[in-house]
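Student: Numbering (my numbering), first residue to last: 3 to 383.
Dropping the structure here:
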């Protein structure tokens, strides 16, 4: 039987772990900021056709619908998510103009093209993210825009390490609801360090710890991979967070503007990817070779975490060794990040030696979060 990422897990537990309750004014301000980063303005959406894949509970769609598109199509196949999405749209967007299509993304077919296509929070962890991105992009009209989200080894390494820690915490707990309680109680203090976090601890641990694909086997989808996937027909507009460094003069650009701006995006990524590892501060750009080493170490950590087991302390120790290498690969300015990694190493070593977890040892680690998700927008040639 073929595996369907996200849908299988959500359907098994009859869940849609996305926030329902929100402050509309705050949410709209945050979404406006996101669209500003991505070069998608109110005037662009008004009177246009919008397609969103995997809308979850529809909270983000409510904001986009408020910009008065001509029509808004949402595609999802999670029954719980569809029901919640309908209820939210009926409540906050009662005037219609939207429709929900019950379909797996890969099965969706339409001759209609759209001015804006949104693929938020769904491409990383797919079986083949690049192929999925190309499929979604096939519904973009000429001069239309597509928004994707990306994860990479560096931005997600702190959550990868939380995944292994979470597995240790529930190794003797087998009931799903009890696992949620144990994990939520432990990680609640971690989540308090995330500014603007909208989900409860319970919702977060379900989606990011208990859904093990998030931090184990499934492939991620990096910004360079996204650009490579769409390079034949699409030009990068911008990202959020925005990190492009472009000192070119417009008259220096030859006829192939697509390749010019896509190359700038990739080069900017490799010059600044070390800043993806910790969202709390920014350090100066550095050489590509240093950041590729950092990336490779984070990749090793993910591979070793995937192979680790809470009952196999030898496999856990291999993760600790890779974390020690990570310390040496960070810029000297990232002192707080190094303290967090040292805290994690100490906490895991305590478990290896004592067979139990002492939450106090992880006090520095709990404040360490990477830049997790990055958004990127493209325009079709």
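Beta carbons are placed, not taken as given, at the ideal position from N, Cα and C, and that holds for glycine.
Return helix, strand or coil for residue 26, following the three-state DSSP convention.
Tutor: Three-state DSSP puts residue 26 in a helix.
Student: Three or more C-beta pairs closer than 8 Å, one from the segment 238-245 and one from the segment 301-313: is that the case here?
Tutor: No, the segment 238-245 does not touch the segment 301-313.
Student: Quick check on the DSSP output: the beta strand (DSSP E) that includes residue 245 runs from which residue to which?
Tutor: That residue, residue 245, is in no beta strand (DSSP E); it is neither H nor E in DSSP.
Student: Name the two residues that bound the continuous beta strand (DSSP E) containing residue 143.
Tutor: Looking at the DSSP string, the run of the beta strand (DSSP E) that includes residue 143 is 142-152.
Student: Go through the segment 196-269 residue by residue and report every complete run of the beta strand (DSSP E) that reaches 3 residues or more, in order.
Tutor: Entirely contained in the segment 196-269, the beta strand (DSSP E) runs reaching 3 residues are, in chain order, 236-242.
Student: Going by other Cβ atoms of all chains shown within 10 Å of its Cβ, with 16 needed for buried, is residue 123 buried or exposed?
Tutor: Classification for residue 123: buried.
Student: How many Å lie between residue 213 and residue 118 at the Cα?
Tutor: Whole-angstrom Cα-Cα distance: 30 Å.
Student: Could you check whether residue 256 and residue 238 sit closer than 8 Å to each other, using their CB atoms as the reference points?
Tutor: For residue 238 and residue 256, no; Cβs fall outside 8 Å.
Student: Starting from the C-beta of residue 293, find all residues in its chain whose C-beta is less than 6 Å away, skip the five residues before and the five after it, and write them out in chain order.
Tutor: Around residue 293: 272, 275 and 276.
Student: Which parts of the segment 52-109 are runs of the beta strand (DSSP E), unbroken and 3 residues or longer, counting only runs that do not cross its ends?
Tutor: DSSP runs (the beta strand (DSSP E)) wholly in the segment 52-109: 73-78 and 100-104.
Student: Report the rounded CA-to-CA distance for residue 220 versus residue 210, giving the unit in angstroms.
Tutor: When rounded, the distance between both Cα atoms is 13 Å.
Student: Let me check understanding here. Comparing Cα to Cα, which of 129, 334, 139 and 218 lies closest to residue 160?
Tutor: Cα-wise, what sits closest to residue 160 is 218.
Student: How would you label residue 298, buried or exposed, when you count the other beta carbons within 10 angstroms and need 16 or more for buried?
Tutor: Residue 298 should be labelled exposed.
Student: Alpha carbon to alpha carbon, how far is residue 30 from residue 39?
Tutor: So the alpha carbons of these two residues sit roughly 14 Å apart.
Student: Keeping to the same chain, check which residues put their C-beta closer than 6 Å to that of residue 3; ignore five residues upstream and five downstream.
Tutor: Any reading at residue 3 needs caution, since the residue's pLDDT is 49, under 50, leaving its predicted position unreliable; the model's value is listed next. Excluding positions up to five away in sequence, the list is empty.
Student: Using the beta-carbon count (16 or more within 10 Å), is residue 128 buried or exposed?
Tutor: Classification for residue 128: buried.
Student: Would you tell me roughly how many angstroms separate the C-alpha atoms of residue 75 and residue 248, rounded to the nearest one?
Tutor: Computed Cα separation, rounded: 35 Å.
Student: Go ahead and label residue 176 buried or exposed: buried means 16 or more other beta carbons lie within 10 angstroms of its beta carbon, across all protein chains shown.
Tutor: Its Cβ having fewer than 16 others within 10 Å, residue 176 is exposed.
Student: Using a Cβ-Cβ cutoff of less than 7 Å, which residues in the same chain neighbour residue 348 once the five nearest sequence positions on both sides are dropped?
Tutor: If we look at residue 348 and ignore the five residues flanking it on each side, its Cβ neighbours are 363.
Student: Return the CA-CA distance between residue 145 and residue 331, expressed in angstroms with no decimal places.
Tutor: So the alpha carbons of these two residues sit roughly 41 Å apart.
Student: Going by DSSP in three states, residue 3 sits in which element: helix, strand or coil?
Tutor: With a pLDDT of only 49 at residue 3, under 50, the local geometry of the prediction cannot be trusted, and no value is derived from it.
Student: Relative to the C-alpha of residue 148, which candidate in 54, 10, 361 and 295 has its C-alpha closest?
Tutor: It is 54.
Student: Closest to residue 32 by C-alpha separation, out of 200, 285, 369 and 381, would be which residue?
Tutor: Nearest of 200, 285, 369 and 381 to residue 32, Cα basis: 200.
Student: Below 6 Å CB to CB, which residues in the same chain sit around residue 191 once its five sequence neighbours on both sides are set aside?
Tutor: Same-chain partners within the cutoff: 368.
Student: Quick check on this structure: which residue in 346, 339 and 51 has the alpha carbon closest to the alpha carbon of residue 322?
Tutor: The candidate whose alpha carbon is nearest that of residue 322 is 346.
Student: Could you check what DSSP says for residue 157 in three-state terms: helix, strand or coil?
Tutor: Three-state DSSP puts residue 157 in coil, outside helix and strand.
Student: For residue 280, tell me which candidate among 13, 195 and 28 has the shortest Cα-Cα distance.
Tutor: Nearest C-alpha to residue 280: 195.
Student: Can residue 101 and residue 71 be called in contact, C-beta distance under 8 Å?
Tutor: No.
Student: Hey, how far is the Cα of residue 269 from the Cα of residue 328?
Tutor: So the alpha carbons of these two residues sit roughly 22 Å apart.
Student: For the candidate residues 35, 316, 167 and 230, whose alpha-carbon lies nearest to that of residue 133?
Tutor: Nearest C-alpha to residue 133: 230.
Student: Nearest to residue 375 by alpha carbon, out of 153, 223 and 310?
Tutor: If we check each option's Cα against that of residue 375, 153 comes out closest.
Student: Compare the beta carbon distance of residue 83 and residue 99 with 8 Å and say whether it is the shorter of the two.
Tutor: The answer is no: Cβ separation not under 8 Å.
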